[in-house]
Structures are given as structure tokens and as C-alpha cells.
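This report concerns only the one structure given below.
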Amino acid sequence: MQTQQQQKKTRMTGVPKFLRHLYSILTMEDPTIISRSKDGLAIQLYNVQRLENE
Numbered sequence: 001m002q003t004q005q006q007q008k009k010t011r012m013t014g015v016p017k018f019l020r021h022l023y024s025i026l027t028m029e030d031p032t033i034i035s036r037s038k039d040g041l042a043i044q045l046y047n048v049q050r051l052e053n054e
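Residue numbers for the sequence shown, in full-length UniProt numbering: 1 to 54.
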């Protein structure tokens, strides 16, 4: 029988909400505002003001 702490470590959950929203932003927004770097390891913000307003 597992303890409650062990169950938390092995419990599977879905993709965190933050990552789902970030993925949505990166796929839906204008790439002149925000996009992934060419190697996919970073996020590039080109126009923060437009991102905030749109």
C-alpha cells in the first residue's frame, strides 16, 4: 500500500494549464508579435505592447 506522499509522486495529470495556454498563444498569435525560436528552445517576444493589447 502506498502512502499519500508516494501517490502524489506517481499520480498522472494532464498538461498544466499554463503550458496549454502558452501553446495556444504560440500557434494562434501573429508571429511578428511572439513566436518560438528556430531551434524551439526559446520564446521570442517581438512586440510586447501589441501582445498585451491584442
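Backbone N, C-alpha and C define an ideal beta-carbon position, used for all residues, glycine too. Nothing here was measured: the structure is a model prediction, and the numbers come from that model.
Do residue j and residue i have their beta-carbon atoms positioned less than 8 Å apart in this structure?
| i | j | result |
| --- | --- | --- |
| residue 50 | residue 33 | yes |
Can you check DSSP and say which residues form a bridge with residue i?
| i | result |
| --- | --- |
| residue 50 | None; residue 50 has no bridge partner. |
| residue 41 | Its beta-bridge partners do not exist; DSSP assigns none. |
Go ahead and pull the three-state DSSP assignment for residue i.
| i | result |
| --- | --- |
| residue 35 | strand |
| residue 22 | helix |
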